[in-house]
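Have a look at the structure below, then the notes.
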Amino acid sequence: YGLGRFGAKSYVGVIVSLSLVRELGPILTALMVGGRVGSGITAEIGSMNVTEQIDAIKALGANPVKNLVVPRVAAAILVLPVLTLFADVIGITGGMIISQIEFGISPYAYYDSVIKFLKMSDIFSGIGKSLFFGFVIAIVGCYQGMITSGGTEGVGLSTTVTVVTVSIVILISDFFLTKFFWLF
Numbered sequence: 100y101g102l103g104r105f106g107a108k109s110y111v112g113v114i115v116s117l118s119l120v121r122e123l124g125p126i127l128t129a130l131m132v133g134g135r136v137g138s139g140i141t142a143e144i145g146s147m148n149v150t151e152q153i154d155a156i157k158a159l160g161a162n163p164v165k166n167l168v169v170p171r172v173a174a175a176i177l178v179l180p181v182l183t184l185f186a187d188v189i190g191i192t193g194g195m196i197i198s199q200i201e202f203g204i205s206p207y208a209y210y211d212s213v214i215k216f217l218k219m220s221d222i223f224s225g226i227g228k229s230l231f232f233g234f235v236i237a238i239v240g241c242y243q244g245m246i247t248s249g250g251t252e253g254v255g256l257s258t259t260v261t262v263v264t265v266s267i268v269i270l271i272s273d274f275f276l277t278k279f280f281w282l283f
């Protein structure tokens, strides 16, 4: 309602799309995936560690990092940008629906403002953040799983540490990544 007072209703699409693509899409997606997937990775590898399955992998002459860590890191790096793009599209479409209902802005005017102001550099900065966040989620999850000890209590503690660590690293690194992408 504040935008109407200043005659800025036509900027709703711009505000929604830029905030989603640059910041909210990558961060919220990473926080959700970090909580769910990061803790899952830690629980799985941690359970393997406390039941000495990782020692068995080493005894067979296989590299546990190559077999357990690398596929999870690669999957997180590949999937998180896709999920972020999906969240961006859903968020921008949801913004269009709400702006039509609340402000009476036509879908054409909404998408026209989105297309005029949203640049590829904005999209690439969000994707770049997602790539980094995917790496962080998988690395922290795998690391915490590999150092888990103390039976089932240790697995529970490691999953909690993973969720907290991933959340903090995502929020702090987002600040620096935003500064970095603003340089270009």
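In my numbering, each residue carries its 1-based index in the sequence shown increased by 99. Built from N, CA and C at the ideal position, the CB exists for glycine as well.
Buried or exposed: where does residue 274 fall if 16 or more other Cβ atoms within 10 Å of its Cβ makes it buried? Here residue 274 refers to the residue found at position 175 of the sequence shown. Exposed: under 16 other Cβ atoms inside 10 Å.
In three-state DSSP terms, what is residue 107? Numbered from 1 along the sequence shown, position 8 holds the residue referred to as residue 107. Residue 107 falls in the coil class under three-state DSSP.
Beta-carbon separation (whole angstroms), residue 151 vs residue 244, contact threshold 8 Å: Against the sequence shown, residue 151 aligns to sequence position 52. Against the sequence shown, residue 244 aligns to sequence position 145. About 14 Å; that fails the 8 Å criterion.
In the DSSP assignment, find the alpha helix (DSSP H) that holds residue 201 and state where it starts and stops. By one-based count along the sequence shown, residue 201 stands at place 102. Element bounds for residue 201: 169-202.
Assess, as a yes-or-no matter, whether the segment 112-120 is touched by the segment 210-220 under the definition of 3 or more beta carbon pairs within less than 8 Å. yes
My guess is that residue 156 and residue 237 are in contact by the Cβ rule of under 8 Å, so how many angstroms apart are they, rounded? Here residue 156 is taken as the residue at index 57 of the sequence shown, counted from 1. Here residue 237 is taken as the residue at index 138 of the sequence shown, counted from 1. Not a contact, Cβ separation roughly 18 Å.
How is residue 151 classed by DSSP in three states: helix, strand or coil? Your numbering for residue 151 matches position 52 in the sequence shown. Correct three-state label for residue 151: coil.
Beta-carbon proximity of residue 227 to residue 129, cut-off 9 Å: Walking along the sequence shown from the start, residue 227 turns up at place 128. Walking along the sequence shown from the start, residue 129 turns up at place 30. Taking 9 Å as the Cβ cut-off, residue 227 and residue 129 do not qualify as a contacting pair.
Compute the beta-carbon to beta-carbon distance between residue 264 and residue 257, rounded to the nearest angstrom, for a pair I have assumed lies under 8 Å. Taking the sequence shown and counting its residues from 1, the one referred to as residue 264 is at position 165. Taking the sequence shown and counting its residues from 1, the one referred to as residue 257 is at position 158. Between residue 257 and residue 264 the Cβ distance is about 10 Å, and since that is not below 8 Å, they are no contact.
Candidates 272, 219, 106, 229, of which the one nearest residue 283 by Cα: Residue mapping note: residue 283 aligns to position 184 of the sequence shown, counting from 1. If we check each option's Cα against that of residue 283, 219 comes out closest.
Can you list, in chain order, the residues of its chain with a C-beta nearer than 8 Å to that of residue 266? Leave out the 5 residues immediately preceding and following it. Start at 1 with the first residue of the sequence shown, and residue 266 comes out as number 167. Same-chain partners within the cutoff: 130, 133, 134.
Compute the Euclidean distance between the alpha carbons of residue 235 and residue 203, then round it to the nearest angstrom. Position 136 of the sequence shown, counted from the first residue, corresponds to residue 235. Position 104 of the sequence shown, counted from the first residue, corresponds to residue 203. Roughly 42 Å between the two C-alpha positions.
Could you compute how far the alpha carbon of residue 188 sits from the alpha carbon of residue 165? Along the sequence shown, one-based indexing puts residue 188 at 89. Along the sequence shown, one-based indexing puts residue 165 at 66. Going from the Cα of residue 188 to the Cα of residue 165 covers about 35 Å.
Cut-off 6 Å between Cβ atoms - residues of its own chain near residue 276, not counting five sequence neighbours on either side: Along the sequence shown, read from residue 1 onward, the residue named residue 276 stands at position 177. 228, listed in sequence order.
Helix, strand or coil for residue 246 per DSSP? Counted from its first residue, the sequence shown places residue 246 at position 147. Three-state result, residue 246: coil.
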